[in-house]
Amino acid sequence: MTVKRCRFMENWDVIIIGAGSAGLAAGIYTVRSGLKTLILDEKLAGGTISDASTVVNYPGFTEISGGDLAEKMTNHCKKVGAVIHDLEPVTELELKGEKKIVKTSSATYECKALIFSAGSHYKEIGIKGEKEFRGRGVSYCGVCDGPFFKGKKVMVIGGGNSACITTLYLSGLAAQVTVIHRREAFRAEETLVSDIASKGNVTTLWNTEAQEIKGDKQVRTVTLIDNITKKTTELSVDAVFVQVGEAPNSQIAKASGVETDEHGYIKIDIHQQTNLPGVFAAGDVTNHPIKQVGTAVGQGITAALEAYGYIRRPYYKK
Ligand SMILES: Cc1cc2nc3c(=O)[nH]c(=O)nc-3n(C[C@H](O)[C@H](O)[C@H](O)COP(=O)(O)OP(=O)(O)OC[C@H]3O[C@@H](n4cnc5c(N)ncnc54)[C@H](O)[C@@H]3O)c2cc1C
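Residue numbering for the sequence shown follows our numbering, beginning at 214 and increasing consecutively.
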């Protein structure tokens, strides 16, 4: 006889939403503190760093691919005993009471403390054709989709660190990379800017914006406007990589009463505590000014140990 596992109202000490750098680091610490821990992720565990071709600034690894680093963190977290449910999106939260309720696509859970580490997502530019050609030439991730455009002509839209990193990665694959930036200089690290200048197959169009993405089954051209002359041109490309920043995945937390700043980032104090008792937040979803693996890991650790204090040692705070 097959016994169907009933997950209705499973009880946990801590539930962590998001199995990225922050959530996995938090999980290692909550489990090692003796707290029964469930980590939920709508995708496969590992988080955003899986999108990075190479990571050269995470202490202990002079050079590692983002995918390998994500896998190492996930395996470490599983090895200490955290339960990770991949591909289970959290859809609703009830966080104001002492017991925190977490509803997902397939179950309802209860926990004593919650760590919200759902990261951020790529912003869209909102032009005609962007949604229509998403997955048919419009991409938000160079590492994920760049290899499909080996030897082709690609465009990168944006001018910050992400746009520059994506440009450098694509310059190693594509025949020609055209960067479209609405300002007259990049807002990125000096080393990235000088590396781009040294690439023979990268052209940057300053003071230029994309107006429309056109094609048939695939992207074929992009209509551009020069911000100064107001002249429009049509550039023929095979793919468009939109890299204009990120926005936090804080909607479900906000809807359950968690306070955010004007950009939607969750407000936290130095203990990673949100405005709701027993609800902590960590990583890119918070209003911490730096968004890196190292800072996400540090915030995750703080959130985990503070959650431990909240559950097991509440008298510390009195
Ligand atoms: C291309 C690129 C290159 C980068 N390179 C570097 C680098 O070299 N060095 C560096 O330090 N940093 C780098 N970063 C930044 C780094 O990836 C992030 O700062 C870090 O991953 C943030 O970790 P996080 O845990 O806060 O969020 P994430 O890693 O984004 O994890 C959040 C997780 O939450 C999940 N989630 C979201 N909503 C829900 C929901 N409703 N239910 C369930 N799960 C949900 C997501 O699926 C995701 O797995 C790079 C980022 C990008 C995009």
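Glycine residues also receive a C-beta, built at the ideal position from the N, C-alpha and C atoms. Here the structure is a predicted model, which is why all the values come from computation and not from measurement.
query: When the distance is taken between beta carbons, is Leu237 closer than 8 Å to Thr287?
result: Sequence index remark: in the sequence shown, residue 287 carries index 74 (1-based). Sequence index remark: in the sequence shown, residue 237 carries index 24 (1-based). Yes, the pair counts as a contact, with Cβ atoms nearer than the cut-off.
message: The beta strand (DSSP E) that contains Ala509, what's its start and end?
response: To locate residue 509, count along the sequence shown from 1; it is residue 296. Ala509 -> not in any beta strand (DSSP E); alpha helix (DSSP H) instead, spanning Val506 to Arg525.
- prompt: Around the C-beta of Ile393, are 16 or more other C-beta atoms found within 10 angstroms, so that it is buried, or is it exposed?
  reply: Reading the sequence shown from its first residue, position 180 is the one you call residue 393. By the neighbour-count rule (16 or more Cβ atoms within 10 Å), Ile393 is buried.
message: Relative to the C-alpha of Lys336, which candidate in Ser330, Ala326, Phe329 and Arg347 has its C-alpha closest?
response: By 1-based counting over the sequence shown, the position of residue 336 is 123. For Lys336, the nearest C-alpha among the options comes from Arg347.
- prompt: Which term fits Ile229, buried or exposed, when burial requires 16 or more other beta carbons within 10 angstroms of its beta carbon?
  reply: Against the sequence shown, residue 229 aligns to sequence position 16. It counts as buried.
field: Beta-carbon separation (whole angstroms), Val269 vs Thr275, contact threshold 8 Å
entry: In the sequence shown, counting from the first residue as 1, residue 269 sits at position 56. In the sequence shown, counting from the first residue as 1, residue 275 sits at position 62. The pair is a contact, with the Cβ atoms about 7 Å apart (cut-off 8 Å).
message: Do Ala509 and Phe493 count as a contact pair if the criterion is CB distance below 8 Å?
response: Start at 1 with the first residue of the sequence shown, and residue 493 comes out as number 280. Start at 1 with the first residue of the sequence shown, and residue 509 comes out as number 296. Result no, Cβ atoms of Phe493 and Ala509 do not sit closer than 8 Å.
- prompt: Per DSSP, Met286 is paired with what?
  reply: Taking the first residue of the sequence shown as position 1, residue 286 is located at position 73. Looking at the DSSP assignment, Met286 forms no beta bridge with any residue, so it has no partner.
- request: Check whether the Cβ atoms of Gly496 and Lys313 lie closer than 8 Å to each other.
  value: Numbered from 1 along the sequence shown, position 283 holds the residue referred to as residue 496. Numbered from 1 along the sequence shown, position 100 holds the residue referred to as residue 313. Not in contact: Gly496 and Lys313 (Cβ atoms no closer than 8 Å).
field: Assigned secondary structure, Cys354 (DSSP; H/G/I helix, E/B strand, else coil)
entry: Reading the sequence shown from its first residue, position 141 is the one you call residue 354. Correct three-state label for Cys354: coil.
query: Are there 16 or more other CB atoms within 10 angstroms of the CB of His501, so buried, or fewer, so exposed?
result: Position 288 of the sequence shown, counted from the first residue, corresponds to residue 501. Buried: at least 16 other Cβ atoms inside 10 Å.
field: Pair within 8 Å by beta-carbon distance, Pro461 and Ser333
entry: On the sequence shown, residue 461 is found 248 positions in, with the first residue counted as 1. On the sequence shown, residue 333 is found 120 positions in, with the first residue counted as 1. Yes, the pair counts as a contact, with Cβ atoms nearer than the cut-off.
Buried versus exposed call for Lys430 [16 or more other C-beta atoms within 10 Å across all chains shown]: One-based indexing of the sequence shown puts residue 430 at position 217. Exposed is the call here.
field: As assigned by DSSP and simplified to three states, the class of Tyr382
entry: Against the sequence shown, residue 382 aligns to sequence position 169. Three-state DSSP puts Tyr382 in a helix.
task: Provide the residue(s) that pair with Met222 in DSSP beta bridges, ordered along the chain.
output: Your numbering for residue 222 matches position 9 in the sequence shown. Its beta-bridge partners do not exist; DSSP assigns none.
Residues of its chain near Ser463, where Cβ-Cβ distance is below 6 Å and the 5 sequence neighbours each way are ignored: The residue given as residue 463 occupies position 250 in the sequence shown. The residues are Thr473, Gly477, Ile479 and Val498.
- request: Spell out the partners DSSP gives Pro461 in its beta bridges.
  value: Position 248 of the sequence shown, counting from 1, holds the residue named residue 461. DSSP, once it has assigned bridges, lists Ser333 as partnering Pro461.
task: Would you mind reading off the limits of the alpha helix (DSSP H) that contains Glu403?
output: Taking the first residue of the sequence shown as position 1, residue 403 is located at position 190. Where Glu403 is concerned, the enclosing alpha helix (DSSP H) stretches over Glu403 to Ala410.
For Gly231, the nearest candidate out of Gly259, Ser318 and Leu306 (CA to CA): The residue labelled residue 231 in the question sits at position 18 within the sequence shown. Minimum Cα distance to Gly231 is reached at Gly259.
query: Relative to ligand 1, is the shortest distance from any of its heavy atoms to the C-beta of Ser333 smaller than 7 Å?
result: What you label residue 333 is simply residue 120 of the sequence shown in a count that begins at 1. Yes, Cβ of Ser333 sits closer than 7 Å to a heavy atom of ligand 1.
task: Determine the contact status of Lys325 and Ile524, defining contact as a CB-CB distance below 8 Å.
output: Taking the first residue of the sequence shown as position 1, residue 325 is located at position 112. Taking the first residue of the sequence shown as position 1, residue 524 is located at position 311. Yes; because the gap between Cβ atoms is below 8 Å, this pair is in contact.
- prompt: What's the C-alpha gap between Asn374 and Leu327?
  reply: Looking up residue 374 in the sequence shown gives position 161. Looking up residue 327 in the sequence shown gives position 114. Going by the C-alpha atoms only, they are around 32 Å apart.
- request: Under 8 Å Cβ to Cβ from Leu300, same chain only, skipping five residues before and after it: list those, please.
  value: The residue you call residue 300 lines up with position 87 of the sequence shown. Cβ neighbours of Leu300 beyond the five flanking positions: Asp254, Glu255, Lys256 and Leu257.
- prompt: In its own chain, which residues sit with a C-beta less than 7 Å from the C-beta of Arg433, not counting the 5 before and 5 after it?
  reply: Residue mapping note: residue 433 aligns to position 220 of the sequence shown, counting from 1. Excluding positions up to five away in sequence, the list reads Lys427 and Ser449.
Residues bridged to Ala326 [DSSP beta-bridge criterion]: Mapped onto the sequence shown, residue 326 falls at position 113. Answer is Val227, bridged to Ala326.
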